[in-house]
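Take a look at the structure set out below.
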Amino acid sequence: MKRLQTWARRTVSLGLLCVSFAALAGGGSAGSGAKATAGSKDYELYRSGNAADALPPQPAGNQLVLMGGGIDVDDAFRAMIAKARGGTSAKVDIVILRTSGADGYNAYLMAMDGVDSVESIVLKTRAGASAPEVLDLVARADMLFIAGGDQSTYIAQWAGTPLEAAMKAAVARRVPFGGTSAGLAVLGQFDYSGANQSVSSAEALANPYDRNVTLDRSFLNALPLMAGVITDAHLVARDRMGRLVTFLARLSADGWAGWQALRAVGVDEQTAVVVDGDIATVMGNDDGQGGRTGRAYFVKPTVAPTTVQAKKPLTFRNLQVEKRVAGGQYNLATWPTVSPYFISVEAGVLLPNPY
Numbered sequence: 012m013k014r015l016q017t018w019a020r021r022t023v024s025l026g027l028l029c030v031s032f033a034a035l036a037g038g039g040s041a042g043s044g045a046k047a048t049a050g051s052k053d054y055e056l057y058r059s060g061n062a063a064d065a066l067p068p069q070p071a072g073n074q075l076v077l078m079g080g081g082i083d084v085d086d087a088f089r090a091m092i093a094k095a096r097g098g099t100s101a102k103v104d105i106v107i108l109r110t111s112g113a114d115g116y117n118a119y120l121m122a123m124d125g126v127d128s129v130e131s132i133v134l135k136t137r138a139g140a141s142a143p144e145v146l147d148l149v150a151r152a153d154m155l156f157i158a159g160g161d162q163s164t165y166i167a168q169w170a171g172t173p174l175e176a177a178m179k180a181a182v183a184r185r186v187p188f189g190g191t192s193a194g195l196a197v198l199g200q201f202d203y204s205g206a207n208q209s210v211s212s213a214e215a216l217a218n219p220y221d222r223n224v225t226l227d228r229s230f231l232n233a234l235p236l237m238a239g240v241i242t243d244a245h246l247v248a249r250d251r252m253g254r255l256v257t258f259l260a261r262l263s264a265d266g267w268a269g270w271q272a273l274r275a276v277g278v279d280e281q282t283a284v285v286v287d288g289d290i291a292t293v294m295g296n297d298d299g300q301g302g303r304t305g306r307a308y309f310v311k312p313t314v315a316p317t318t319v320q321a322k323k324p325l326t327f328r329n330l331q332v333e334k335r336v337a338g339g340q341y342n343l344a345t346w347p348t349v350s351p352y353f354i355s356v357e358a359g360v361l362l363p364n365p366y
């Protein structure tokens with residue numbers, strides 16, 4: 012118990028020292044410096060490869076990729092490309108959506124087998140989400156991915172637009188779909204929007220109604236297997252389990268869903284959760300020491316939160332956690348209890364070590 016209390020004090024101290032900042036881009040943030048291929052005041056398009064449609068066969072099922080930010084996971088992108096090829100040797104056209112950055116993903120993805128083109132679209136205004144050229148590219152995409160950046164701009168500029176409808180239509184036709192960092196943050200039924208500025212675990216646990224605990228349910232809220240789910244990226248690297256648990260408590264207390272239906276997926280940096288059918292497989296990168304990166308956490312409440320009030324520390328007990336490392340799998344259709352451990356928040360202190 013003494014070790015747990017020491018860990019808890021250290022975690023709170025680190026959280027208080029954290030500087031709040033908007034979600035940063037994961038991999039693909041740096042561009043090549045090339046000029047945009049096309050665009051307007053509302054968007055820019057950066058194209059690499061063939062402008063004509065590749066026209067691979069439709070995949071047999073859906074695939075959703077939840078990437079946790081930082082260095083991109085090569086194997087996850089390869090899995091998306093393979094899925095988009097429909098089990099054939101056909102090539103595919105990839106569309107990247109973002110509100111900042113440029114063509115950072117283009118060369119990286121063009122170097123992978125089976126890629127015919129990469130089209131990075133930088134949406135600069137809400138009007139860009141209605142531009143016919145943008146909608147046409149998304150409608151013809153064989154693989155769709157939301158880059159890192161600032162999820163508050165994705166929600167503000169894309170929710171309720173023709174672009175959102177086009178993204179949902181892509182999922183309906185079984186286009187592999189995913190996002191990293193801020194792109195991951197908008198894939199659940201519920202989202203942490205970051206509309207003000209980023210909130211630390213310590214801040215959220217101390218006051219679940221802190222002005223920076225901003226939640227949203229207006230965007231991409233019906234993706235396969237994401238009912239009742241909220242996600243978070245950079246989980247271990249930025250010590251975000253405390254705020255993720257707080258998000259669950261708020262969703263329950265505010266009546267957005269019953270605690271029995273709520274779920275959370277926390278994904279660390281250099282980690283991807285590749286959901287194919289019902290099964291989520293965790294992937295990571297070579298860590299340079301004979302192992303692989305990759306840590307993901309599947310969290311569900313077992314009882315309702317006890318204290319969720321403004322300016323009062325959170326109390327929320329007995330949340331079940333299933334941790335998976337690279338190569339591990341978890342069923343997102345059933346959320347089974349396989350190898351669980353349990354964490355609790357008592358008066359704003361999260362115990363034991365949640366990772």
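Quick note on this note's numbering: the sequence shown kicks off at 12 and runs consecutively. Ideal Cβ placement from N, Cα and C applies to all residues, glycine included.
- ILE290 sits in a strand when the DSSP states are folded into three classes.
- When the beta-carbon positions are compared, ILE132 and LEU56 come within less than 7 Å of each other.
- Here THR304 is not near GLY79, since their CB atoms are 7 Å or more apart.
- The DSSP-derived three-state label of ASP250 is coil.
- Contact check for MET294 against VAL286 fails: the beta carbons are separated by 7 Å or more.
- In the three-state reduction of the DSSP assignment, TYR366 falls in the coil class.
- With a beta-carbon spacing of about 3 Å, SER128 and GLY60 fall inside the 8 Å limit used to define contacts.
- Under the three-state reduction of DSSP output, GLN331 falls in the strand class.
- Here GLU280 is not near THR326, since their CB atoms are 7 Å or more apart.
- Here LEU198 is not near ALA177, since their CB atoms are 7 Å or more apart.
- Secondary structure note for ASP64: it is in no alpha helix (DSSP H), with a DSSP letter that is neither H nor E.
- Taking the Cα positions, LYS94 is about 23 Å away from THR345.
- For the pair GLN74 and PRO187, the CB atoms are nearer than the 7 Å cut-off.
- Scanning its chain for C-beta atoms nearer than 6 Å, with the 5 sequence neighbours on each side dropped, one finds around TYR165 the residues VAL197, in chain order.
- Exclusion of the five residues before and after ASP243 leaves ARG251, LEU255 and GLY277 as the residues of its chain whose Cβ lies within less than 6 Å of its Cβ.
- If you look at VAL224, you'll find it isn't in any beta strand (DSSP E); DSSP assigns it neither H nor E.
- In the three-state reduction of the DSSP assignment, LYS52 falls in the coil class.
- Beta-bridge analysis with DSSP links ARG274 to VAL240.
- The beta carbon of ARG261 is closer than 7 Å to those of PRO219, VAL224, LEU226 and VAL319 in its chain, skipping five residues each way along the sequence.
- Contact between the segment 113-127 and the segment 43-51 is present: 3 or more CB-CB pairs across the two stretches fall below 8 Å.
- Just measuring C-alpha positions, the residue of GLY266, GLY359, SER263 and GLY189 sitting nearest LEU231 is GLY189.
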